[in-house]
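Trainee: This is the structure I have questions about; it appears just below.
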Amino acid sequence: MVVELHRRPLRGHPGGGTVIVPAARHAAIASRAVACRVRKRSLAARVRGMLAALALTAVAVVGLGLLAQLRGIGDGPDVPESVSVVEVDPGESLWQLARRVAPDSPSGAVIERIVELNELSDHVVHPGQPLRVPDGRAQR
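Sequential numbering of the sequence shown, starting at 0, is according to numbering that gives the first Met the number 0.
The following block contains the structure:
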């Protein structure tokens, strides 16, 4: 059986458009046919969806970062007990100094030890400044 199809405009639909329906002479089939409309999501709904996805992604990243930090606690060698005196190189930060003097130890713990050993009020160092530091090279 061949069914003739016609395009018919959608009425009352804000986006307009057309729907394909069987021709009127096939009324028996036409009475059973159901026209489907595809609704577009509004801009606000799309923005809400994107914001929800972004929030979930941010939560996942923060959670993985915290997990990595917790896992790193106590894994590596401790801060070296031996102490030596070094001068701060030009352009060197406290973090870079910690990596230089104790590369196998956690940088945050080494920095805190340097602050403690030198009774620093902040984490600012100056080129040529002598500092007592944990000596990671003495442990090898």
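Yeah, the Cβ is synthetic: ideal placement off N, Cα and C, and Gly gets one too.
Between which two residues does the alpha helix (DSSP H) carrying GLU111 extend?
Mentor: The residue you call residue 111 lines up with position 112 of the sequence shown. That run of the alpha helix (DSSP H) goes 106 to 117.
Trainee: Check whether the Cβ atoms of ILE110 and LEU93 lie closer than 8 Å to each other.
Mentor: Indexing the sequence shown from 1 puts residue 110 at position 111. Indexing the sequence shown from 1 puts residue 93 at position 94. A contact, by the Cβ cut-off of 8 Å.
Trainee: With a CB to CB cut of under 8 Å and the five nearest residues on each side skipped, what residues in its chain are close to GLN128?
Mentor: Translated into positions along the sequence shown, residue 128 becomes position 129. Same-chain partners within the cutoff: GLU86 and VAL87.
Trainee: Tell me the rounded alpha-carbon separation between LEU65 and PRO126.
Mentor: Here residue 65 refers to the residue found at position 66 when the sequence shown is read from its first residue. Here residue 126 refers to the residue found at position 127 when the sequence shown is read from its first residue. Rounded to whole angstroms, LEU65 to PRO126 spans 34 Å at the Cα level.
Trainee: What is the rounded straight-line gap between the Cα of GLU80 and the Cα of PRO133?
Mentor: Indexing the sequence shown from 1 puts residue 80 at position 81. Indexing the sequence shown from 1 puts residue 133 at position 134. Each residue's alpha carbon lies about 6 Å from the other.
Trainee: Would you decide whether SER41 is buried or exposed? Buried here means 16 or more other CB atoms lie within 10 Å of its CB.
Mentor: The residue you call residue 41 lines up with position 42 of the sequence shown. So SER41 ends up on the exposed side.
Trainee: Starting from the Cα of SER106, find the closest Cα among MET49, GLY62 and GLN68 and give me that residue.
Mentor: Start at 1 with the first residue of the sequence shown, and residue 106 comes out as number 107. Nearest option by C-alpha distance: GLN68.
Trainee: Along the chain, where does the alpha helix (DSSP H) containing ARG99 start, and where does it finish?
Mentor: Mapped onto the sequence shown, residue 99 falls at position 100. Unbroken alpha helix (DSSP H) run through ARG99: 93 to 100.
Trainee: I need the straight-line Cα distance from GLU118 to VAL82, nearest angstrom please.
Mentor: For the purposes of this step, residue 118 is taken as residue 119 along the sequence shown, with counting starting at 1. For the purposes of this step, residue 82 is taken as residue 83 along the sequence shown, with counting starting at 1. Answer to the nearest angstrom: the Cα atoms are 15 Å apart.
Trainee: Could you give the residue range of the beta strand (DSSP E) that holds ARG131?
Mentor: Along the sequence shown, one-based indexing puts residue 131 at 132. Segment 129 to 133, the beta strand (DSSP E) holding ARG131.
Trainee: Secondary structure at VAL87, three-state DSSP: helix, strand or coil?
Mentor: Against the sequence shown, residue 87 aligns to sequence position 88. Coil.
Trainee: Would you identify the three-state DSSP class for VAL58, choosing helix, strand or coil?
Mentor: Indexing the sequence shown from 1 puts residue 58 at position 59. VAL58: helix per DSSP, three-state reduction.
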